[in-house]
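One structure below.
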Amino acid sequence: MKIFVLGSCTAKKKFKRLDITCEAIDKFGREKLIEREDLKDMVLPARDMYLGGQHLYTIKAVDILRSIPSIECVNFYILSAGFGLLEEQTLIPPYECTFGIMSKEEIRHRSKRLRIEEKLLKILERENYDIAFFLLGMKYLIAIEEALKSFPTNTLHYFYVSRGGSRVIPRKENFSLIFIDKFKARKYHVSRFEIKGFLFYNLARKLLRQHDKIKETLKKPSNVMRLYSTN
59 MKIFVLGSCT AKKKFKRLDI TCEAIDKFGR EKLIEREDLK DMVLPARDMY LGGQHLYTIK
119 AVDILRSIPS IECVNFYILS AGFGLLEEQT LIPPYECTFG IMSKEEIRHR SKRLRIEEKL
179 LKILERENYD IAFFLLGMKY LIAIEEALKS FPTNTLHYFY VSRGGSRVIP RKENFSLIFI
239 DKFKARKYHV SRFEIKGFLF YNLARKLLRQ HDKIKETLKK PSNVMRLYST N
């Protein structure tokens, strides 16, 4: 079984550099920035740069899934407003650039500039994943809105979304929505900024106990929902 996971960048990072804005990234590019003398000691793999709660829970979930023998591979990517689609080990400097403060048109323009949708579709089509998980807020979903219409039909896609975010996602047979809200966050004693990652982490922990039934569980959204109703 092959699994794809897409999370998002977070405001909280290992290092802080307010001067590395969207404009600075566009001007210099990632490769030049990571070689700069004033930045080279702050450069990290994308996986290690972000410290937001959702991201940290997502990493835990990814590591658990990778420990399960019946899962062939788990590929983890991060959607960054600054650098686009990042493989988890891609080196990046600290920066300040987010879709959160952009309008829909600005998000779409930046997504096109960074070729986010083109790269995402290429990865999904090339790797032929069985399952894909998306942990994205509404603004980040807008960045892949057009690509959603062309996602592979042979992959089952799970989206952790708010009611608002669900409006961006087309209704398809191989799309399953796991709804999150502030009430669910309160139930699990986590913040609304952590809930997507926490639920994904919770699912990974439960799958660890499934052993040879993992594929059967993940291929049926009703089974996944049933797992969430158990302790």
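Everything in the sequence shown is counted per the numbering used here, starting at 59 for the first residue and increasing by one. Just so you know, even glycine gets a beta-carbon here, dropped at the ideal spot from N, CA and C. These numbers were taken from a predicted model, which means no experiment stands behind them.
Span of the alpha helix (DSSP H), counted from its first residue to its last, around residue i
| i | result |
| --- | --- |
| residue 243 | 240-245 |
| residue 183 | 174-185 |
| residue 280 | 279-286 |
| residue 113 | 111-124 |
| residue 169 | 162-171 |
| residue 80 | 80-86 |
CA-to-CA distance, residue j to residue i, given in whole angstroms
| i | j | result |
| --- | --- | --- |
| residue 73 | residue 152 | 6 angstroms |
| residue 201 | residue 245 | 30 angstroms |
| residue 119 | residue 147 | 17 angstroms |
| residue 197 | residue 64 | 14 angstroms |
| residue 145 | residue 280 | 30 angstroms |
| residue 100 | residue 80 | 18 angstroms |
| residue 199 | residue 226 | 7 angstroms |
| residue 209 | residue 249 | 30 angstroms |
| residue 273 | residue 121 | 18 angstroms |
| residue 163 | residue 205 | 16 angstroms |
| residue 267 | residue 275 | 11 angstroms |
Supposed contact pair residue j and residue i - C-beta distance, whole angstroms, cut 8 angstroms
| i | j | result |
| --- | --- | --- |
| residue 59 | residue 130 | 6 angstroms |
| residue 141 | residue 83 | 7 angstroms |
| residue 265 | residue 126 | 7 angstroms |
| residue 102 | residue 149 | 7 angstroms |
Buried or exposed by the 16-neighbour rule on C-beta atoms within 10 Å, applied to residue i
| i | result |
| --- | --- |
| residue 109 | exposed |
| residue 69 | exposed |
| residue 91 | buried |
| residue 211 | exposed |
| residue 215 | buried |
| residue 195 | buried |
Extent of the continuous beta strand (DSSP E) to which residue i belongs
| i | result |
| --- | --- |
| residue 254 | Where residue 254 is concerned, there is no enclosing beta strand (DSSP E), although the alpha helix (DSSP H) it sits in stretches over 253-265. |
| residue 199 | Not the beta strand (DSSP E): residue 199 falls in the alpha helix (DSSP H), residues 196-200. |
| residue 136 | 131-138 |
Could you check whether the stretch 249-260 touches the stretch 103-121, counting it as contact only if at least three pairs of C-beta atoms, one from each stretch, sit closer than 8 angstroms? yes
Do the stretch 233-244 and the stretch 217-224 meet, that is, are 3 or more Cβ pairs less than 8 angstroms apart? yes
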